[in-house]
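Undergrad: Heads up: take any position in the sequence shown, counting from 1, add 3, and you land on my numbering.
By construction, the Cβ of each residue, glycine as well, lies at the ideal position given by its N, Cα and C atoms.
Can you keep this structure in mind? I'll have questions shortly.
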Amino acid sequence: IKFFQLFFMFIFREEEGKFMTNIAAPKIPDGEKVDFDDIHRKRQEKDLSELQSLIEAHFVQRKKEEEELIALVNRIEKRRAERAEQQRVRTEREKERQARQAEEKERKELEEQQKKMNDDAKKKKALTNMTQQFSAGQKTKRGGKKQTEREKKKKILADRKKPLTVDHLNEDKLKEKANEMWQWLMGLEAEKFDLSEKLKRQKYDVSYSLPKVAARARWAAA
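So, in structure tokens, the structure goes:
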């Protein structure tokens, strides 16, 4: 209220000076009485009307400025909300991208791990098959050799087995026969020793060669 009082006083004084300079002295007809109260009243009414117009124009301008300010605030809030929404969308998309990337990485790691496990299983299976085949071959070979050696021994013994007929021999012939039998036994002992040493050597060769073959099989499978 005080503001409007000061405002009105300022406007009134300023406009009063303008009016005083612009208003010409009224012409008073000769012989007529001058009504100064009426003149003063009309002047006040005019000043009040002009002041009212200024006040209305001021409030119209102020309302317009307030509306423009409100519109500006609304635009700012709208832009702020749009930027916040854009940021939210970007953040959400980035989270989805990172989630897809992590899921893809995990899937590839699982596939690589599964592939490695399958490859290791295939290598182990191949190595086991090779070892089994080698062992079966060695067993068959040894079995064949044993059977062959056994058959040879049987044949040799069958060939060397001679009927011992000494009833018709005299003493000298008996001595010769005994010496012959002795020599024959010595030959058998020597042959037995040779065969025993040969068997030991074969066993050593097999036990020494088997780890090498297994290592080569593992290297070939890898």
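In whole angstroms, what separates the C-alpha of Lys-126 from that of Arg-100?
TA: As a working note, residue 126 is residue 123 in the sequence shown. As a working note, residue 100 is residue 97 in the sequence shown. The straight-line gap from Cα to Cα measures roughly 38 Å.
Undergrad: Is it the case that the CB of Glu-154 approaches a heavy atom of the ligand SAH more closely than 7 Å?
TA: Absence of the ligand SAH is noted for the structure shown, with no ligands found whatsoever.
Undergrad: Under 6 Å Cβ to Cβ from Val-76, same chain only, skipping five residues before and after it: list those, please.
TA: Within the sequence shown, residue 76 is the residue found at index 73, counting from 1. Within the same chain, Val-76 has no close Cβ partners at all.
Undergrad: In this structure, does DSSP put Asn-173 in helix, strand or coil?
TA: The residue labelled residue 173 in the question sits at position 170 within the sequence shown. In the structure shown, Asn-173 sits in coil (DSSP, three-state: anything other than H, G, I, E or B).
Undergrad: In three-state DSSP terms, what is Asp-38?
TA: Within the sequence shown, the letter at position 35 stands for residue 38. It is coil, neither helix nor strand.
Undergrad: Would you mind working out which of Arg-153, Lys-128, Arg-110, Glu-183 sits nearest Lys-195, comparing C-alpha positions?
TA: Here residue 195 is taken as the residue at index 192 of the sequence shown, counted from 1. It is Arg-153.
Undergrad: Going straight from the alpha carbon of Trp-187 to that of Ala-193, what length do you get?
TA: Along the sequence shown, read from residue 1 onward, the residue named residue 187 stands at position 184. Along the sequence shown, read from residue 1 onward, the residue named residue 193 stands at position 190. Rounded to the nearest angstrom, the two C-alpha atoms are 10 Å apart.
Undergrad: Quick check: the Cα distance between Glu-104 and Thr-134, rounded to an integer number of angstroms?
TA: In the sequence shown, residue 104 corresponds to position 101, counting from 1. In the sequence shown, residue 134 corresponds to position 131, counting from 1. The question names Glu, yet the displayed sequence has Gln at residue 104. Computed Cα separation, rounded: 44 Å.
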